[in-house]
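Input: a single structure, listed below in C-alpha cells.
In the numbering used here, the protein residues as written are 86 to 432.
Here's what the structure looks like:
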C-alpha cells in the first residue's frame with residue numbers, strides 16, 4: 086500500500102522500495118471531484134466514503150444528492166429503497182446526459198415518482214444548522230438533510246506519479262494520460278488503462294484493456310498486436326428498474342446518418358405484472374440504419390434490462406441486421422422477446 090512515483094522511465098518508488106520493470110502499466114483509476122465554486126464542500130461526502138462507517142456513522146433519514154449521472158441516480162434509488170427521504174439536485178432538465186433521450190426521460194420520470202427531483206438548478210452553498218446540512222440552490226430553495234452526497238464527477242489520479250519527470254503526455258484539462266489504440270503512452274513500454282485515460286470509465290472496459298495489453302506484451306510479444314476496440318460497449322444503470330444500452334443513441338444516429346435510420350420502439354407492461362396489477366412498465370428501442378438495415382442501437386428500461394442487453398450486445402457488435410432479429414424466434418412469455426417481434430417503425 087502506498088503512492089507510486091516514477092524516478093525514471095523504468096523505475097517506480099513505493100514506500101522507499103524501488104521497483105524496476107521492462108514494461109509498466111498505469112492503472113491508478115480516478116477520484117471524486119467537487120465543484121470548485123461550491124462553498125461548504127467540507128460538509129459533504131463522495132461515493133468513496135458513502136459506505137465508510139467512520140464517515141457516515143448513522144443511517145441518514147434525509148439525504149440530498151447532487152448530480153445526474155450513474156452514481157447520483159443509483160444512490161438516489163438505493164436510499165429511497167432503504168427508506169430515506171431523498172432530494173436529487175441536477176443542473177440539467179433530464180438525468181443521464183450521454184444516454185438515449187427516451188431512456189433519460191424514463192429514468193427521470195422514475196426518480197420523480199420516488200424522490201424529490203430538483204432540475205435545472207445547482208447548489209451554491211452548504212452550511213450546518215445544528216446536526217443538519219443545509220444546501221442552498223441557485224433557484225433560492227434550501228434543502229435540509231442528514232447527509233449530502235456530491236456525485237459531480239471524477240478525475241484521473243495522476244498527481245503523485247511524477248509523469249512530467251519521465252515525459253509521459255497527459256491531457257492538460259483533465260490530467261488523463263494520452264494513449265494510442267494499444268493503450269500505449271508516448272513512451273511505448275509504458276501503458277495506461279481504465280479511468281486514468283480519456284475513455285469509457287467502466288470496470289469491464291478496464292479489465293478488457295488490461296487483458297489485451299498483457300496479451301500484446303507476453304503472448305504476441307510485439308507482433309500482430311491487437312488493438313483495443315471500444316465500439317458498441319454495453320452499459321447499465323442499476324436503478325430499480327434498471328437501464329441497459331448498447332450502440333448509438335438516437336441523437337448519435339442523427340449526427341451519423343442524418344435521416345437515414347429507422348426507430349422501432351415498444352412500451353408495455355411485462356406479462357407477469359398484468360395479473361398482479363403492479364405498475365411496472367418497460368421501454369425498448371431499436372435503431373436501424375437504412376442502407377444495410379444493421380441494428381446500430383439497442384436500448385431498454387425495465388426489469389432485467391442489463392441481463393437482456395448483454396445478450397443483444399453480441400448481436401449489435403456482430404453487425405446483425407433487423408432481418409436477423411426478425412428471423413429469431415422469441416421466448417414467450419419474456420420481456421426480451423419484444424426485441425425480436427418489433428415490426429412497426431416509428432412514423
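We treat Cβ as the ideally placed atom computed from N, Cα and C, and that holds for glycine.
Practice task
Could you tell me if residue 86 is buried or exposed, where buried requires 16 or more neighbouring beta carbons within 10 angstroms of its beta carbon?
Solution key: Burial is judged here by how many other beta carbons sit within 10 angstroms of a residue's own beta carbon; residue 86 has fewer than 16 and is exposed.
Handout entry: Buried versus exposed call for residue 417 [16 or more other C-beta atoms within 10 Å across all chains shown]
Key = exposed
Exercise for the section: Out of 324, 91 and 429, point me to the one whose CA is closest to residue 250's CA. Expected result: Measuring C-alpha to C-alpha distances from residue 250 to each of 324, 91 and 429 identifies 91 as the nearest.
Exercise for the section: Could you tell me whether the Cβ atoms of residue 175 and residue 202 are closer together than 9 Å? Expected result: yes
Practice task
Rounded to whole angstroms, what's the CA-CA distance from residue 111 to residue 295? Just pull it up for me.
Solution key: Their Cα atoms are separated by approximately 10 Å.
Exercise for the section: Measure the CB-CB distance between residue 235 and residue 131 and report whether it falls below 9 Å. Expected result: yes
Exercise for the section: Put residue 114 into one of helix, strand or coil per three-state DSSP. Expected result: coil
Handout entry: Given residue 102 as reference, the closest of 226, 186 and 89 once Cα atoms are compared
Key = 89
Exercise for the section: Quick one: give me the first and last residue of the alpha helix (DSSP H) that residue 299 is part of. Expected result: 288-299
Exercise for the section: Look at the Cβ atom of residue 230, then the Cβ atom of residue 149, and state whether they are nearer than 9 Å. Expected result: Yes. Within cutoff.
Problem - Member of 307, 274 and 315 whose CA lies at the smallest distance from the CA of residue 285 - result: Nearest C-alpha to residue 285: 315.
Exercise for the section: Answer yes or no: do residue 384 and residue 95 have a C-beta to C-beta separation smaller than 9 Å? Expected result: no
Exercise for the section: Can you tell me which of the three DSSP states residue 128 falls into? Expected result: helix
Exercise for the section: Determine the burial state of residue 104: buried for a count of at least 16 other Cβ atoms within 10 Å of its Cβ, exposed for fewer. Expected result: Classification for residue 104: exposed.
Problem - Nearest-angstrom Cα separation, counted from residue 334 out to residue 181 - result: 12 Å
Handout entry: Proximity to residue 108 [Cα-Cα], best of 410, 302 and 405
Key = 302
Problem - Among 324, 371 and 329, the one whose alpha carbon lies nearest that of residue 347 - result: 371
Practice task
Name the residue from 283, 276 and 266 whose alpha carbon lies nearest to the alpha carbon of residue 257.
Solution key: 283
Handout entry: Three-pair Cβ contact test at 8 Å for the segment 158-169 versus the segment 193-209
Key = yes
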